[in-house]
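Engineer: Numbering of the sequence shown is given in the working numbering, commencing with residue 51 and proceeding in unit increments. Cβ atoms here follow ideal geometry from the backbone N, Cα and C, with glycine treated the same way. Okay, handing you the structure first.
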Amino acid sequence: MLRKVKKEETKKEQVSENKQVSFGLVPHITEKATFLGEKNAYVFKVEPEFNKIMVRQAVKKQYNVEPARVRIINIPGKMVFIRRRRAQKAGYKKAVVYLKKGDKISL
């Protein structure tokens, strides 16, 4: 029985590592994000459970660049009207990643 428990624990660890790399970062391209890109800051939509450390690791693995600073912004959902009924639009989490002067990310 002890062997089965150890196998399950290793599977959980592998899933969490893969989730950081495979999902994680989606570039959030807007007019404001484009202006930030000129100042060496990049905006990404991230998974709701991501924190600054996980975003930093994902940027490092995906783009081979070391972030200087990471800011996280939680965007709340909005109330909308659909056919005279109220509904909730889903919110999301956004990360602003600042890089050092010489570094760049091609999106």
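Can you tell me whether glycine 74 is buried or exposed, with buried defined as 16 or more other CB within 10 angstroms of its CB?
Structural biologist: Buried.
Engineer: According to DSSP, is valine 105 part of a helix, a strand, or is it coil?
Structural biologist: In this structure, valine 105 counts as helix in the three-state DSSP scheme.
Engineer: Do isoleucine 139 and glycine 152 have their CB atoms nearer than 8 Å?
Structural biologist: The question names isoleucine, yet the displayed sequence has lysine at residue 139. Not in contact: lysine 139 and glycine 152 (Cβ atoms no closer than 8 Å).
Engineer: Determine the contact status of alanine 91 and tyrosine 148, defining contact as a CB-CB distance below 8 Å.
Structural biologist: It is a contact, given that the beta carbons lie within the stated cut-off.
Engineer: Given that a residue counts as buried once 16 or more other Cβ atoms are within 10 Å of its Cβ, and exposed if not, what is valine 71?
Structural biologist: Legend: pLDDT at valine 71 = 47, less than 50; position of this residue unreliable, no value from coordinates given.
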